[in-house]
Amino acid sequence: MYSSTGDSMGSFRTKLKQASLLWVEGFREACCLHRVVIYCRRSREVAIRTGQCFLFNGIIFLGSILVLRSVVIPTLQWVLPDECQLINYQESCPFGGIFRFYSFLRLGLIQLFYVIWFYPMYISSFILSTLWYNDIAKYGFFAIEKNGSSGSESSDKKDSTASQNTAASDKATDLQGVMIGIAEQVYSVLLLSFFFLEVYITGFIPYIGKALNFLLLAWMYAYYCFEYKWNYSGVSLDKRLDFFESNWPFFAGFGSPCVLAVFFYSPLVSYGVMATLYPLFVLTATGSEADRVIASQRKKWKGAGLGRIPIFVSADYLSMKVLSLFPVERQQQVHHQKAL
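Numbering (this note's numbering), first residue to last: 15 to 354.
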């Protein structure tokens with residue numbers, strides 16, 4: 015009995031060490047921000063799009079929040095005070111009704127500022143940033159393919175990547191391939207939408223909610239970052255999910271810097287910070303040789319791996335339920351694409 019318990023503890027410590035090493039490797043890969051400078055120098059389009067993201071989201075959007083909190087709100091509080099500052103605290107304020115009106119008016123002006131400025135800017139930022147992220151990933155991927163992500167890249171890997179790109183190109187020219195691609199994108203959007211809902215709900219769980227929320231957010235950001243690369247590499251959905259869920263510590267580590275950058279801010283500030291930094295993590299993911307890094311770690315284990323965690327099982331179930339409302343052909347296309 016004691017021997018069995020000791021073996022179990024030894025196995026647990028081994029797996030914990032393996033998971034920790036993979037987590038550190040993922041964290042390190044996410045922090046390789048020097049790749050951003052390299053890819054911006056290789057591709058003018060990457061530099062322009064990255065600069066646009068930084069200008070719009072970092073300077074204008076976050077700058078507007080700073081101006082609101084440090085200039086507009088203090089000015090309104092000075093012009094429309096909500097307390098009798100010159101009256102002794104023991105005396106009652108004779109202008110209580112006026113100050114309540116001032117407080118209501120100040121709150122209304124601040125909300126008007128949000129409606130007229132922040133909400134339209136938020137929508138514009140979301141739309142433009144989505145387009146810019148796609149361009150950044152695309153031109154970054156082309157820059158890597160053209161110049162090579164490293165000088166020691168093997169010819170077998172290049173041939174494999176070229177064949178994947180050729181297959182993806184052939185698929186795009188075929189009508190059935192186009193329909194499968196559309197079904198794949200619909201499924202991917204549903205999957206990540208339901209997973210985001212799952213992340214949001216876990217934040218309300220007592221005691222462990224924040225920790226679970228952090229972990230799920232790290233996985234979500236990591237998947238978002240690597241999805242661009244997998245799209246342009248022609249990796250099927252099933253292979254993406256299998257690789258992601260089988261190497262969950264690496265991707266938890268990769269997504270951790272993304273979450274740390276926004277976890278302790280308000281939702282609006284978090285969005286602005288993430289929208290500014292996200293292109294950097296997309297480029298680091300695009301240039302990351304995650305499979306090689308993970309394989310080098312697995313060679314040291316000399317035994318069974320960590321096992322696969324079904325991270326997206328709930329989101330996958332809900333996505334398939336939604337897709338079941340569509341015609342049978344669309345469902346078959348999704349099942350076919352996941353099986354490739």
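Built from N, CA and C at the ideal position, the CB exists for glycine as well. All of these numbers come straight from a predicted model, not from anything done at the bench.
Close Cβ partners of residue i (< 8 Å) along its chain, the five nearest in sequence each way excluded
i	result
residue 229	266
residue 202	241, 251
residue 38	267
residue 210	234
residue 131	78
6 Å Cβ shell around residue i - same chain, five flanking residues per side excluded
i	result
residue 246	155
residue 308	261, 264
residue 217	223, 227
residue 173	Residue confidence for residue 173 is low, a pLDDT of 45 falling below 50, so the modelled location carries little weight and cannot support an answer.
residue 169	For residue 169, the pLDDT reaches just 41, beneath the cut-off of 50, and the residue's location in the model is therefore unreliable, leaving the point undetermined.
Check whether residue i and residue j have beta carbons under 8 Å apart
i	j	result
residue 127	residue 82	yes
residue 212	residue 333	no
residue 76	residue 296	no
residue 291	residue 275	yes
residue 54	residue 61	yes
residue 115	residue 271	no
residue 59	residue 153	yes
residue 301	residue 63	no
residue 124	residue 150	no
residue 326	residue 205	yes
residue 283	residue 79	yes
residue 94	residue 56	no
residue 71	residue 143	yes
residue 306	residue 259	no
Boundaries of the alpha helix (DSSP H) in which residue i is found, first to last residue
i	result
residue 50	48–56
residue 227	223–247
residue 253	251–260
residue 306	304–312
residue 87	87–93
residue 293	281–301
residue 79	76–81
residue 336	327–337
Nearest-angstrom Cβ-Cβ length linking residue i and residue j, presumed shorter than 8 Å
i	j	result
residue 243	residue 299	6 Å
residue 235	residue 273	6 Å
residue 320	residue 29	6 Å
residue 231	residue 47	Not really, about 20 Å apart at Cβ, beyond 8 Å.
Cβ shell of residue i (< 7 Å), same chain only, five flanking positions each side left out
i	result
residue 66	146
residue 35	311
residue 27	none
residue 324	259
residue 330	205
Any C-beta of chain D under 8 Å from that of residue i
i	result
residue 73	In the structure shown, chain D does not exist; there is a single protein chain.
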